[in-house]
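Student: Okay, here's the structure, questions in a sec.
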Amino acid sequence: MKKFRHLFVVGLLLVFVAVAVMCNNKKPGETTTLKNTTVITPVNLPSVVPGFTFPQDSTAIFSWLNTPNTPGVYAHAWGIWAGLTAQSGQVFQGDSILVYQTWQGINELVNLSSSSSTKMLTKENQVKRARTLLSLPDQFARTSLKNKLLQKGLSGKFTTGADDTAAFFVGVSYNPPSAAHVVNNGLLKQSVQNVFLKTGSIGAIPAFPDSAINIKPVYYIGKQSDSLIRIPAWPGEPLIPHTFGSNVWNSYVYADVTNSQPKGKIPKPCRGILPTKAQIDSATCNVSDFINYKIDAATANYINQQQGGTSFAAGDIALLVAMHVTTKEISNWTWQTFYWAPNPADPKLPSNQYAVNARPAQLKGAAAHYALSVAYTEVMPNQPVSGGSAKNATPVIGYNPYLEAGFNPQTFIDYPNAWKPNFKYGIQTNCMSCHALASPQDTVIAQIQGQPTVLDIYATDQYVDMKSNYFKNKVLLDFAWSLRDNVIDDVSSKARSAKKK
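And the structure:
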């Protein structure tokens, strides 16, 4: 009898051990459901779509670029999106956290880089204790759009921005390999960027690893107290290219905060300041049709400081309307951008039916409500990093309506397009061409709302030779404008400190 009891206990122990082993040997991309926690742990991009590989071999990606609209590019971009919007298995402040929401925001990387005690980005300091703070988009400053305070309109029933740009905010974030590269190499410090400056030649920071991913989510923030949130909806490109920011789209959907609309309803955007009730009903969807979350007090206060008001409060709803996504799988990075579409099966340009046809079945719910535009090359046929030519090439247009459509000719005056002189607007841009210019020295100082402001130099779609004379006496930031826009000025501070001594 004792021998039987002994064998029974041993058997139970073996079962517990086996369960523990199985739980600690998850397949790539699998997550474990966790209870509500006080921290967020960054996780790597999972593989959600069968056959998707990340990072993909660069030779495979280059093989896709031999023909326009190749399915491989769209399939890969959707695979990235499926991973970004997958559940991380973590819950924070009552919300299920998606994979991309676990990543370090640029403000957190600045804090880590500024800390004298931080030498390496390790497991001990990589956790997040708050959501990434949201900031005004740099693109809006570049087009001189005035971000006014959020106002209530239509008898207080709806959330609406005074010029429809007032409620847009972004949260630039880096995945774990990208964040570690920046912090461990000190790349956000001006003194470090200056080290790579080479007089008479082209300097460059150390290249990001091929597993790096940088993102720029764009949120529209609505009031929790309103029954409907009015959101600008992309109506498609104008027939004649011109400045076309969301403040002139005159196209809106209404998000129902109670999520009481029929599942699968396709809203029909309405136009005008005073639409009829029938038009509003037709244009109404659910908040749950957007990736969304409720902002906390810290985020609300941070936004209010930028706006110079008290418009936002804890509990207001941040709805994802767009996201720029770039990966270092090729030397010039891959570029894909996503934007919310009322009818994702019939998106407006710059997306297309090729993108729709490649969307995987694994995308469900809100994540399937976004359109895709890609820019894996600047022109077609694809050109080498240097020594190429766009002489007989055709344009590759890839931009996000919520960020770049409002660009005017003044935006590109510092880097005119000699190849296509008529390319002067945001709807004629390409993410790769624009980010190729990222450099601490590629800036101009302009008066924005009466204040001197340092602005990045942007370009419309064209082939950019990365070894051209234009880049002499400059430091290339490996396509990462966020390193310039959020640089820590430790040079001036050291000079002031030395002067005091």
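Okay, so the sequence shown: first residue is 18 according to the numbering used here, each after it adds one.
All residues carry an ideal CB built from backbone N, CA and C; glycine is no exception.
Of all the alpha helix (DSSP H) runs that stay within the bounds of the stretch 302–347, which reach a length of 4 or more residues?
Tutor: Listed in chain order, they are 314–324.
Student: Would you mind sorting Ile257 into buried or exposed? The rule is 16 or more other CB atoms within 10 Å of its CB.
Tutor: Burial call: exposed.
Student: Let me make sure I understand the geometry here. Which of Tyr393, Pro418 and Leu389 has the alpha-carbon closest to that of His259?
Tutor: When only C-alpha atoms are compared, the closest one is Pro418.
Student: Compare the Cα-Cα distances from Gln479 to each of Ser499, Lys489, Ile414 and Ala422 and report the closest residue.
Tutor: If we check each option's Cα against that of Gln479, Ile414 comes out closest.
Student: Alpha carbon to alpha carbon, how far is Gly423 from Lys282?
Tutor: If I take the Cα positions, the gap works out to 29 Å.
Student: Hey, could you find the ends of the alpha helix (DSSP H) Ser131 is sitting in?
Tutor: Run containing Ser131: Ile123 to Ser131, per the alpha helix (DSSP H) assignment.
Student: Counting C-beta neighbours from all protein chains within 10 Å, is the total for Asn439 16 or more, i.e. buried, or is it exposed?
Tutor: Counting Cβ neighbours within 10 Å, Asn439 comes out exposed, since fewer than 16 surround it.
Student: Counting Cβ pairs closer than 8 Å, one from the stretch 404–412 and one from the stretch 114–122, do we hit at least three?
Tutor: No: the two stretches stay apart, fewer than three of their Cβ pairs being nearer than 8 Å.
Student: For the putative contact between Pro226 and Asn202, defined by C-beta atoms under 8 Å, what is the C-beta separation to the nearest angstrom?
Tutor: Actually they do not touch by this definition, with Cβ atoms about 11 Å apart.
Student: So the beta strand (DSSP E) Arg247 belongs to, where does it begin and stop?
Tutor: Here the beta strand (DSSP E) through Arg247 covers Leu245 to Pro249.
Student: In this structure, how does DSSP classify Gln210 when only helix, strand and coil are distinguished?
Tutor: Helix, per DSSP.
Student: Classify Pro426 as helix, strand or coil using the three-state DSSP reduction.
Tutor: Three-state DSSP puts Pro426 in a helix.
Student: Drop a sphere of 10 angstroms on the beta-carbon of Arg146, count the other beta-carbons inside from all chains shown, and report buried for 16 or more, exposed for fewer.
Tutor: It is exposed - the Cβ of Arg146 has fewer than 16 other Cβ atoms within 10 Å.
Student: In three-state DSSP terms, what is Thr354?
Tutor: If DSSP states are grouped into helix, strand and coil, Thr354 belongs with the strands.
Student: Output the boundary residues of the beta strand (DSSP E) element that contains Ile232.
Tutor: Per DSSP, Ile232 belongs to the beta strand (DSSP E) from Ile230 to Gly239.
Student: Should Ile462 go down as buried or exposed, given a rule of 16 or more other Cβ atoms within 10 Å for buried?
Tutor: Exposed, because fewer than 16 other Cβ atoms sit within 10 Å of the Cβ of Ile462.
Student: So, are the CB atoms of Tyr91 and Tyr387 less than 7 Å apart?
Tutor: Contact flag unset, no.
Student: Answer with buried or exposed for Gly289, where buried requires no fewer than 16 other C-beta atoms within 10 angstroms of its C-beta.
Tutor: Answer is exposed; the Cβ neighbour count stays below 16.
Student: Could you round the C-beta distance between Pro59 and Gln110 to whole angstroms and report it? I think they count as a contact, below 8 Å.
Tutor: Actually they are not in contact, since the Cβ atoms of Pro59 and Gln110 sit about 17 Å apart, beyond 8 Å.
Student: Bridge partners for Val492 per DSSP, in chain order?
Tutor: Paired residue(s): Gly220.
Student: In chain order, what residues of the same chain lie with their CB nearer than 7 Å to the CB of Ala205, ignoring the 5 residues before and after it?
Tutor: First, the amino acid is wrong: residue 205 is Leu here, not Ala. Excluding positions up to five away in sequence, the list reads Leu126, Val127, Ser130, Val199, Leu500, Asn503, Val504 and Ile505.
Student: With DSSP collapsed to three states, give me the class of Val504.
Tutor: Coil.
Student: State the CB to CB distance for the pair Val342 and Gln353, rounded to an integer number of angstroms; the pair is presumed to be in contact (CB under 8 Å).
Tutor: Indeed, because the Cβ distance is near 5 Å, the residues count as touching under 8 Å.
Student: For Lys441, count the other beta carbons within 10 Å of its own beta carbon; 16 or more makes it buried, fewer makes it exposed. Which is it?
Tutor: Buried.
Student: If we ignore side chains and look at the alpha-carbon of each, how far apart do Val508 and Gly220 end up?
Tutor: About 19 Å.
Student: Any idea if Ala315 is buried or exposed, counting beta-carbon neighbours within 10 angstroms, 16 or more meaning buried?
Tutor: Exposed: under 16 other Cβ atoms inside 10 Å.
Student: Between Pro426 and the rest of its own chain, which residues show a CB-CB distance below 6 Å, the 5 nearest in sequence each way excluded?
Tutor: Answer for Pro426: Lys441, listed in chain order.
Student: Mind the definition here: the stretch 239–259 touches the stretch 269–278 only if three or more C-beta pairs lie below 8 Å; say whether that holds.
Tutor: Because the criterion of three Cβ pairs below 8 Å is met, the stretch 239–259 and the stretch 269–278 touch.
Student: Going by C-alpha to C-alpha distance, which of Phe307, Gly188 and Lys240 sits closest to Asp333?
Tutor: Among Phe307, Gly188 and Lys240, the Cα nearest to that of Asp333 belongs to Lys240.
Student: Where does Met449 fall in DSSP's three states?
Tutor: In this structure, Met449 counts as helix in the three-state DSSP scheme.
Student: Would you call the CB atoms of Ile238 and Ala335 closer than 7 Å?
Tutor: Contact flag set, yes.
Student: Go ahead and pull the three-state DSSP assignment for Ala17.
Tutor: With the chain running from 18 to 518 in the structure shown, residue 17 is simply not present.
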